[in-house]
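Chemist: No gaps in the numbering here: position 259 of the sequence shown is 1178 in the numbering used here, and each next residue is one more.
Don't be surprised by glycine CBs; every beta carbon is placed ideally from N, CA and C.
Here the structure is a predicted model, which is why all the values come from computation and not from measurement.
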Amino acid sequence: MNRSYHAILIALVVGCAFATPSCSADPDGAAADAGARRGDGGADAAVVEEIPADPWSVGPPLGARRYANGDLEVRVRAPNATRLELCLYAEAMNGPERLRLPMERGKDAFRLHVTEGALRKAGIDSAIYYGLRAFGPNWPYDPAFQPGTEVGFVADVDKDGNRMNPNKLLLDPYALEVSHDPINLVNGNGSTYRTGPGARALDSGPVAPKGVVVPPPVARPQAVPERPIADDVAYEVHVRGFTKNDETIPEAERGTYRGAAKRARYLRELGVRAIELLPVQETPNDQNDRTPEAQGDNYWGYSTLAFFAPDRRYAFDKSPGGPTRELRAMVDAFHAEGIKVWIDVVYNHTAEGGGNGPAATIYSMRGLDNRTFYELDDAGSGYVSSNGVGPNVNTADPVTGDLVVDSLRYFHADLGVDGFRFDLAPVVANGCTRGCYRFDGKGLPTRLAKDLPARPEGGGAGVDLIAEPWGLADGSYQVGGFPKGWSEWNDKYRDTVRRSLNKLGVADVTTREVGQRLRGSADVYGRAGRAPSASVNLLVAHDGMTLADLFSYDVKNNGQAWPFGPSDGGTDNDLAYAHGGDPARQRAAARTALALSALAAGVPMITGGDERLRTQRGNNNAYNLDSPAIWLDWRAAPAQ
């Protein structure tokens, strides 16, 4: 195993955390150098837009495409819908439907081709925004129906779990970009998206998020990192929090994909070989800007609204197509520095949240085909949740499984992403389609390893697949349970090292156990013939204390005031220790922790700012704080 990068990491991280000035790289210089090596004018020039003769020859097999002659074609799968209508708009919000057309039901999907002439006649020119209205067994089509009425209504939810409601404009699950979030600076009313008495007739069309018709990016050929995951060093960070406080980056670019790209050289010099971004698929976070000092923000973004769409809020260029181009350019900039890009993905639940009985929120999949996309309970009117947040996504259904595979393939093949870390991965591996939970490692995890495919153990083309190997259901703790081709966050490594550094004499920890973890946890992975690289050796992550706080606090401190809190939840068992309040001992413990992570067999992972001893003042669950105190503090000296 090549440990050279791990050695670089320990030298630079320990140096940065303890006052080495070389960690203040000039981000603009890095971007310029990256552009020079590619032979273009900078990161954004690496992506061009062109429409091939067959626009379906690139990108996913469903969704919306514009032909070179200006025609539009839309394809949607919704097996239990009886009728779909395509609604086209010239404006993203508060504009009229320019066209509402019934889609043709084919063998495997609803389809509709709209000519450029029809679009132009309706007043739709360059930007096309679209949504869907669905009818089904619980709300059959009636020719007299108009949005804002209850004509044809039978039930909000029937015995089979259907929740179609044609008053709710639906976001296409295959939309490549999303116009805006359901709640935003213009619309603060979430009741428009609700069903049930008093809400089912509310037409969400004027304010609902809409798909944006953009071509998949066509990138110039570029060398991409294909080394084995065993030689990677991961740096987990939020794309907004990474540079939002970075005064060396133009203010308008801070917290964006473009801003992150300008720190690629900094990470390379730090020894990082893979940046792992918290979710960048579209999530409802525009609401964070309504009240900037609120404690109810969706900062982390583990609540996906659209699986193909890069989040528009993280883009400097928010024009149609801008987020897609900019994310791809960011990936290219990291690749130019030899750094892989991994993203956290959330396929265990969605932004539509829970709902039992008639009342529920409808943005997209719930109104399109509820029982295909979500796991229902036995009664059909409720759901099964193994994630603690909302209904399980019904990944065991072939249509939904295809959605997962297609979206991951798009982010890899078209946007250049090198790997994926799956939030609550055993829930994604649920083999039940209704009323239960059953881990099935031979199901979707094996399909992903085959179809994407997984990167070979020795390196080469493919993707790095990483599981967070636990959930909330009985049988969902699956550390060591994923098939070959997968790596896993190793909580056994995490807890053993924490106990050895913080709890000697208080908690049970043996030299043998520490040795097992440092040698790659063969007792966990070796029995299935998996290499030490199956173990991602994390000591801290986004959900928990920072590295500095782990050795500076005895217990969590989540009740503090803005901007460091308050936050609810968070574990009460961090295995943290303040080391008597002695800063020298705290720093020594942090150095030791970094050294162990760098030298242990497996894949080392640190979190953004660990190299600078970033603190959240003991808050171990800052999911709800989109605040300057939670973003990385670039103004602090490296010794801080």
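Give the single residue among Arg1082, Thr1111, Ala1053, Ala1467 whose Cα lies nearest to the Cα of Asp1091.
Modeler: Minimum Cα distance to Asp1091 is reached at Ala1053.
Chemist: Per DSSP, which one or two residues make a beta bridge with Asn1577?
Modeler: Any question about residue 1577 goes unanswered here, given that the chain covers just 920 to 1559.
Chemist: Thinking Glu1004 and Leu1051 are a contact (beta carbons under 8 Å), I'd like their distance in whole angstroms, please.
Modeler: 7 Å
Chemist: Between the alpha carbons of Asp1469 and Gly1527, how many angstroms are there, rounded?
Modeler: Checking the sequence shown, residue 1469 turns out to be Leu, not Asp. Whole-angstrom Cα-Cα distance: 15 Å.
Chemist: Going by DSSP, what residue range makes up the alpha helix (DSSP H) through Arg1247?
Modeler: 1241 to 1255
Chemist: For the alpha helix (DSSP H) that Leu1018 lies in, which residues bound it at each end?
Modeler: Annotation: Leu1018 is outside any alpha helix (DSSP H); the continuous beta strand (DSSP E) that includes it extends over 1018 to 1021.
Chemist: Cα separation between Gly1241 and Ser1045?
Modeler: 14 Å
Chemist: So what's Asp1473 in DSSP terms, helix, strand or just coil?
Modeler: coil
Chemist: Quick check on Gly982: buried or exposed, where buried means 16 or more other Cβ atoms within 10 Å of its Cβ?
Modeler: buried
Chemist: Using DSSP with H/G/I as helix, E/B as strand and the rest coil, what is Tyr1060?
Modeler: coil
Chemist: Which parts of the segment 1491 to 1550 are runs of the alpha helix (DSSP H), unbroken and 4 residues or longer, counting only runs that do not cross its ends?
Modeler: At a cut-off of 4 residues, the continuous stretches assigned as alpha helix (DSSP H) that sit fully inside the segment 1491 to 1550 are 1502 to 1518.
Chemist: Residues in the same chain with beta-carbon distance under 6 Å from Arg1285, minus the five sequence neighbours each way, listed in chain order, please.
Modeler: Arg1082, Glu1271
Chemist: Going by other Cβ atoms of all chains shown within 10 Å of its Cβ, with 16 needed for buried, is Gln1206 buried or exposed?
Modeler: buried
Chemist: Using three-state DSSP, classify Arg1431 as helix, strand or coil.
Modeler: helix
Chemist: Ends of the beta strand (DSSP E) at Ala1411?
Modeler: The question names Ala, but residue 1411 is Lys in the sequence shown. That residue, Lys1411, is in no beta strand (DSSP E); its alpha helix (DSSP H) goes 1410 to 1421.
Chemist: List in chain order: all unbroken beta strand (DSSP E) runs of 3+ residues lying wholly within the segment 971 to 1001.
Modeler: 982 to 985, 991 to 995
Chemist: Thinking C-alpha only, which one of Arg1159, Val1191, Pro1135, Phe1064 is nearest Arg1247?
Modeler: Pro1135
Chemist: What are the start and end residues of each continuous alpha helix (DSSP H) run of 4 or more residues lying completely inside the segment 1150 to 1213, in chain order?
Modeler: 1158 to 1162, 1176 to 1180, 1183 to 1189
Chemist: By how many angstroms is the C-alpha of Gly1381 removed from the C-alpha of Asp1370?
Modeler: 10 Å
Chemist: Of all Cβ atoms in chain D, is any one closer than 8 Å to the Cβ of His1498?
Modeler: You won't find chain D in this structure, because it holds only one protein chain.
Chemist: I need the DSSP call for Ile1148, collapsed to helix, strand or coil.
Modeler: helix
Chemist: I'd like to check one pair, Asn1540 with Gly1488: are the Cβ atoms closer than 8 Å?
Modeler: In contact: Gly1488 and Asn1540 (Cβ atoms closer than 8 Å).
Chemist: With which residues is Thr1280 paired in a DSSP beta bridge?
Modeler: Arg1113
Chemist: Taking the CB atoms as reference points, tell me whether Val1443 and Gly1399 lie closer together than 8 Å.
Modeler: yes
Chemist: Quick one: residues in its chain with C-beta nearer than 8 Å to the C-beta of Ala1142, no 5 flanking neighbours on either side, listed in chain order?
Modeler: His1254
Chemist: May I have the straight-line CA-CA distance separating Gly1055 from Gly1025, to the nearest angstrom?
Modeler: 16 Å
Chemist: Just list the residues that DSSP pairs Pro1229 with in beta bridges.
Modeler: Gln1200
Chemist: How long is the line joining the alpha carbons of Thr1034 and Asp1491, rounded to whole angstroms?
Modeler: 60 Å
Chemist: Using the three-state DSSP reduction, which class does Asp1326 fall into: helix, strand or coil?
Modeler: According to the sequence shown, residue 1326 is Ser rather than Asp. Helix, per DSSP.
Chemist: Compare the Cα-Cα distances from Ala1171 to each of Arg1290, Ala972, Asp1236 and report the closest residue.
Modeler: Asp1236
Chemist: Is it right to say Arg1431 is buried, meaning 16 or more other beta carbons lie within 10 angstroms of its own, or is it exposed?
Modeler: Counting Cβ neighbours within 10 Å, Arg1431 comes out exposed, since fewer than 16 surround it.
Chemist: Count the other CB atoms within 10 Å of the CB of Val897; is the residue buried (16 or more) or exposed (fewer)?
Modeler: Because the chain spans 920 through 1559 in this model, residue 897 falls outside it and cannot be assessed.
Chemist: Which stretch, first to last residue, makes up the alpha helix (DSSP H) that contains Tyr1444?
Modeler: 1441 to 1444 is the span of the alpha helix (DSSP H), which, as asked, contains Tyr1444.
Chemist: By Cβ distance, which residues of its chain are closer than 8 Å to Asp1552, with the 5 residues on each side in sequence left out?
Modeler: Asn1164, Gly1528, Arg1531, Arg1533, Gln1559
Chemist: Looking at the structure shown, is Phe1358 part of a helix, part of a strand, or coil, going by DSSP?
Modeler: strand
Chemist: Would you mind working out which of Ala1386, Phe1161, Tyr1412 sits nearest Ala1183, comparing C-alpha positions?
Modeler: Phe1161
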